[in-house]
Structures are given as structure tokens and as C-alpha cells.
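**Student:** Before anything else, here's the structure in question.
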Amino acid sequence: MFMRSVPLFLAVLGLHAFTAEAVPTSRPSSIRGSSVTYSGRVEITFINGTHIGFLNNTDNGFPNVDVAGTPNTDLEVKLSVGGTGPFDLLATNPAWVGSAFIGGGTDGTLSADSLVIVPLSNTTLTAPGSPPTAEGASAIWGFDTQTAALTPLWTNPDGSHIAPIIGWHKESNLLFFTGDESNIDGKNNIAVDFSLTE
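Okay, structure coming up:
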């Protein structure tokens, strides 16, 4: 039911977009001390590991899923990992105008008993663990260096934290974060995983 308002929701949010893959490359970071930078595309899979597609480099700043495997449309990203995180995900070939950081696109409060969703979008730079601004939060990504899994950690405006579910609304091709499993129906609103790949 909440997804019926997606077109209006997108119109209210304004411009945003996203896609990615990964190849590790060492590089020192002046922002957070010594770090290793990983780059590539973001692969999107069903929870069981079945491939769906890659994040698509759209011109509106809202990432979506390229299920057709269209050549030269995948978003390329990089992630500098050092310290405890969470980390920023940066688009290196964005088709949109504006910030190249990819994260949550609003300052919504996510919880296990709330229908609130936060769209995946380009967003302003924020510090790790800080509450989102009205434009969202960038430093929300955990990264497993062994599996290349990307997992979100959302900080609510009140400072509380939640490890949200990444959802995919198939009809509108919108990727979003939610804390409430009832927002995932397994048909049109599907839980997905992200990982960095070549």
C-alpha cells in the first residue's frame, strides 16, 4: 500500500541516481587515515544469491536496477575502507548533476514497526554515524573485505541505529531502505543484497 505513493514520493524528493562494481586498489586517504580503496560496480542479487542486475547510472540521481544488462550503463563506484566505518560510496561516472555520494536520500526514521522508507539516491556528504540531513546521509555503508558485501547502517535523526533491509520495488524500479519487514512482500517489494564486483 505504501508504494502506491512512490511516483509522488519521487517527485517530492527531486533529483537523485545510482549503480556499482568492485576491484581493490590500494590508496592512502587523507580523510580517514590509512585506507584501502575498492572500486567497481554494485551487483544486486536476491537474498538467495541469484543475480538480478547492476546499479544503473541514471540521470535523475535515483539508482535503479539494470536487469537487461545494457552495456555501458552501469554505475561505477569506489569505497575507501579504513577504521571501523560506516563508509561513503562514491560514484565515479555519475550521469546526474550534483553530489556523487550514494546513500539514503531523506532524513526518515527507520524502525521495525514503521512503514517509512528511505530511497537510495545521490546525497550530500555526511560523517559516519551522524544523523541524516534533510538531503539524506552518505556514510552508511559497511563493507566485508572477504565477500565484498555492502550492507547499510542507518542512523536515525534521534541518533538511534538500525541495519535496514535493502528493498527493490519492481514496478517503479526503486531501491530503498526499510526497517520494517512488512514493507517487503516478496512479490513487488523484494529484499535484495548489494556487493561490489568488477
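So the sequence shown is residues 30 to 227, counted in our numbering. Every residue gets a Cβ at the ideal spot worked out from N, C-alpha and C, and that includes glycine.
#1: Quick check on DSSP: helix, strand or coil for Ser68?
#2: Taking only three categories from DSSP, how would you classify Asn93?
#3: Tell me the rounded alpha-carbon separation between Glu210 and Ser109.
#4: By the 10 Å Cβ neighbour count, where 16 or more other Cβ atoms means buried, how is Ser59 classified, buried or exposed?
#5: Where does Glu164 sit, in a helix, a strand or coil, going by DSSP?
#6: Report buried or exposed for Met32, applying the criterion of at least 16 other Cβ atoms within 10 angstroms of its Cβ.
#7: From Asn101 to Gly208, what distance separates their C-alpha atoms?
#8: Which class does Ser224 belong to by DSSP, given the choice of helix, strand or coil?
#9: Can you name the start and end residues of the beta strand (DSSP E) that Trp170 belongs to?
#10: Would you list the residues sitting across from Val147 in a DSSP beta bridge?
#11: Find the nearest neighbour of Gly137 within the set Ile213, Leu179, Pro148, judged by alpha-carbon distance.
#12: Just to confirm, are Phe206 and Ile131 a CB contact at a threshold of 8 Å?
#13: Check for me: the beta strand (DSSP E) holding Lys199 runs from which residue to which?
#14: Buried or exposed for Asp88, going by 16 or more other Cβ atoms inside 10 Å?
#15: Go ahead and pull the three-state DSSP assignment for Asn101.
#16: State buried or exposed for Ala192, treating a residue as buried only when at least 16 other CB atoms are found within 10 Å of its CB.
#17: In whole angstroms, what is the alpha-carbon distance linking Gly127 and Gly196?
#18: Could you tell me if Phe223 is buried or exposed, where buried requires 16 or more neighbouring beta carbons within 10 angstroms of its beta carbon?
#19: If we count the other Cβ atoms within 10 Å of its Cβ and call it buried at 16 or more, is Ile76 buried or exposed?
#20: Please classify Ser140: does DSSP put it in a helix, a strand, or coil?
**Tutor:** Inspection of the coordinates gives the following:
#1: Locating residue 68 in the sequence shown gives position 39, counting from the first residue. In this structure, Ser68 counts as strand in the three-state DSSP scheme.
#2: As a position in the sequence shown, residue 93 is number 64, starting the count at 1. Looking at Asn93 - three-state DSSP - the assignment turns out to be strand.
#3: Within the sequence shown, the letter at position 181 stands for residue 210. Within the sequence shown, the letter at position 80 stands for residue 109. When rounded, the distance between both Cα atoms is 30 Å.
#4: Position 30 of the sequence shown holds residue 59. In this predicted model, Ser59 has a pLDDT of only 38, less than 50, meaning its place in the structure is not dependable enough to derive any value.
#5: The sequence position of residue 164 within the sequence shown is 135, counting from 1. Here Glu164 sits in coil by DSSP.
#6: By one-based count along the sequence shown, residue 32 stands at place 3. Low confidence applies to Met32: its pLDDT is 41, below 50, so where it sits in the model is not reliable enough to give any reading.
#7: Your numbering for residue 101 matches position 72 in the sequence shown. Your numbering for residue 208 matches position 179 in the sequence shown. If you take the alpha carbons of Asn101 and Gly208, they lie about 33 Å apart.
#8: Position 195 of the sequence shown, counting from 1, holds the residue named residue 224. Here Ser224 sits in strand by DSSP.
#9: Reading the sequence shown from its first residue, position 141 is the one you call residue 170. Element bounds for Trp170: 170 to 172.
#10: What you label residue 147 is simply residue 118 of the sequence shown in a count that begins at 1. Bridge partners of Val147: Phe206.
#11: Within the sequence shown, the letter at position 108 stands for residue 137. Comparing Cα-Cα distances from Gly137 to each of Ile213, Leu179, Pro148, the minimum goes to Pro148.
#12: Working through the sequence shown from its first residue, we reach residue 206 at position 177. Working through the sequence shown from its first residue, we reach residue 131 at position 102. No, these two residues do not count as a Cβ contact at 8 Å.
#13: By 1-based counting over the sequence shown, the position of residue 199 is 170. Lys199 -> no beta strand (DSSP E), and no H or E assigned at all.
#14: For the purposes of this step, residue 88 is identified with residue 59 of the sequence shown, where counting begins at 1. Asp88 should be labelled exposed.
#15: If you number the sequence shown from 1, residue 101 lands on position 72. Here Asn101 sits in coil by DSSP.
#16: Here residue 192 refers to the residue found at position 163 of the sequence shown. Flag for Ala192 reads exposed.
#17: Along the sequence shown, one-based indexing puts residue 127 at 98. Along the sequence shown, one-based indexing puts residue 196 at 167. Those two C-alpha atoms are separated by around 24 Å.
#18: Walking along the sequence shown from the start, residue 223 turns up at place 194. Phe223 is buried by the Cβ-count criterion.
#19: On the sequence shown, residue 76 is found 47 positions in, with the first residue counted as 1. So Ile76 counts as exposed.
#20: Locating residue 140 in the sequence shown gives position 111, counting from the first residue. Of the three classes helix, strand and coil, the one that applies to Ser140 here is coil, per DSSP.
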